[in-house]
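1 is the number of the first residue of the sequence shown in full-length UniProt numbering; add one for each residue after it.
Glycine included, every Cβ here is placed at the ideal spot set by N, Cα and C.
Below you'll find the structure, written out as structure tokens, and then a few comments.
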Amino acid sequence: MARRTDSTTPGRKDPSGAPAPKKQRFKRIRQIKAVYQMTVKADPATKWWLLLAVGAPLLISVVVGIASGHWIYFPLLGVLLALLAGMFVLGRRAERAAYLSIAGEKGAAGAALNSIRRGWVVDQEPVAFDTRTKDMVFRATGRGGIVLVGDGPPARVKKLLEAERRKVARVVPNVTTHLFTVGDGGGENEIPLAKVASKVQRLKPVLTKQEAAAVRQRLQALTGIRPPVPQGVDPMRARPDRKAMRGR
Numbered sequence: 001m002a003r004r005t006d007s008t009t010p011g012r013k014d015p016s017g018a019p020a021p022k023k024q025r026f027k028r029i030r031q032i033k034a035v036y037q038m039t040v041k042a043d044p045a046t047k048w049w050l051l052l053a054v055g056a057p058l059l060i061s062v063v064v065g066i067a068s069g070h071w072i073y074f075p076l077l078g079v080l081l082a083l084l085a086g087m088f089v090l091g092r093r094a095e096r097a098a099y100l101s102i103a104g105e106k107g108a109a110g111a112a113l114n115s116i117r118r119g120w121v122v123d124q125e126p127v128a129f130d131t132r133t134k135d136m137v138f139r140a141t142g143r144g145g146i147v148l149v150g151d152g153p154p155a156r157v158k159k160l161l162e163a164e165r166r167k168v169a170r171v172v173p174n175v176t177t178h179l180f181t182v183g184d185g186g187g188e189n190e191i192p193l194a195k196v197a198s199k200v201q202r203l204k205p206v207l208t209k210q211e212a213a214a215v216r217q218r219l220q221a222l223t224g225i226r227p228p229v230p231q232g233v234d235p236m237r238a239r240p241d242r243k244a245m246r247g248r
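Listed below in structure tokens is the structure:
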């Protein structure tokens with residue numbers, strides 16, 4: 001008897017070479033499981049937040065369904081809401097865990113800046129580096145102006161930040177420059193690592209797109225020859241994996 005070789009054979013790929021839908025579903029489930037395990041390891045409170053996010057919609061939907069007599073429709077709606085809430089909470093907690101895992105590492109501020117999705121151009125390497133203390137300054141340019149973020153103890157990195165601000169002022173004297181340091185948020189212009197990207201994105205636009213591009217070109221004159229990034233977090237690779245957070 002001849003053996004079947006058509007594309008419908010279980011476990012085979014379709015003619016286009018794409019994985020079968022069943023395998024794609026299993027892959028997504030494995031990714032979500034991996035993200036959950038990584039997140040709970042870094043932030044054990046995640047499992048309780050997930051339990052609340054999933055359990056609350058289910059409980060409310062069952063109670064409303066019984067009270068209204070629609071004991072099938074509302075529980076089904078509750079399941080969908082629970083899944084959405086669970087994925088949302090897992091994504092946010094996974095992002096927080098990713099920042100916790102790199103907090104205190106050299107280059108963490110650059111990794112946080114690189115997680116900005118759009119509207120800002122971030123220099124991939126530090127624009128200032130103290131060879132003695134290993135403190136660094138990272139720069140981003142956008143419609144909100146110029147952002148300089150110090151990576152190091154806030155009290156110590158301020159001198160490096162101020163020196164870089166003076167350099168920037170000589171090239172683009174009329175452009176707003178924002179100075180931030182990564183810390184616990186207790187000091188002036190101190191921002192927790194997890195809030196660096198959101199803080200920059202909320203800055204009020206002061207430049208047009210064309211002006212921001214022109215400022216970026218003029219800042220290239222400050223690039224020069226930079227020292228290599230020290231051992232620690234690679235800003236190019238340490239940014240949070242947002243696709244993994246969404247289970248893709």
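Within its own chain, the residues whose Cβ lies closer than 6 angstroms to the Cβ of residue 71, once the five positions on either side in sequence are excluded, are 65, listed in chain order. Under the DSSP definition of a beta bridge, residue 120 partners with 142.
With fewer than 16 other beta carbons inside 10 angstroms of its own, residue 205 counts as exposed. For residue 128, the three-state secondary structure derived from DSSP is strand. Excluding five sequence positions before and after residue 156, the CB atoms of its chain that fall closer than 8 angstroms to its own CB belong to 133 and 135, given in chain order.
A straight-line Cα-Cα distance of about 50 angstroms links residue 56 and residue 164. Inclusion of residue 177 and residue 150 in the CB contact set at 9 angstroms is not warranted, their separation being larger than that value.
Residue 67 is classed as exposed because its beta carbon has fewer than 16 other beta carbons within 10 Å across all chains shown.
When 140, 43 and 130 are compared, the shortest CA-CA separation from residue 98 is found for 43. Proximity of the stretch 94 to 114 to the stretch 189 to 198 meets the contact definition, three or more beta-carbon pairs being nearer than 8 angstroms. Taking the C-beta atoms as reference points, residue 146 is found nearer than 9 angstroms to residue 175. In the structure shown, the three-state DSSP call for residue 207 is coil. Taking residue 96 as the centre and dropping the five residues before and after it, the same chain places the C-beta of 43 and 194 closer than 7 angstroms to its C-beta, in chain order.
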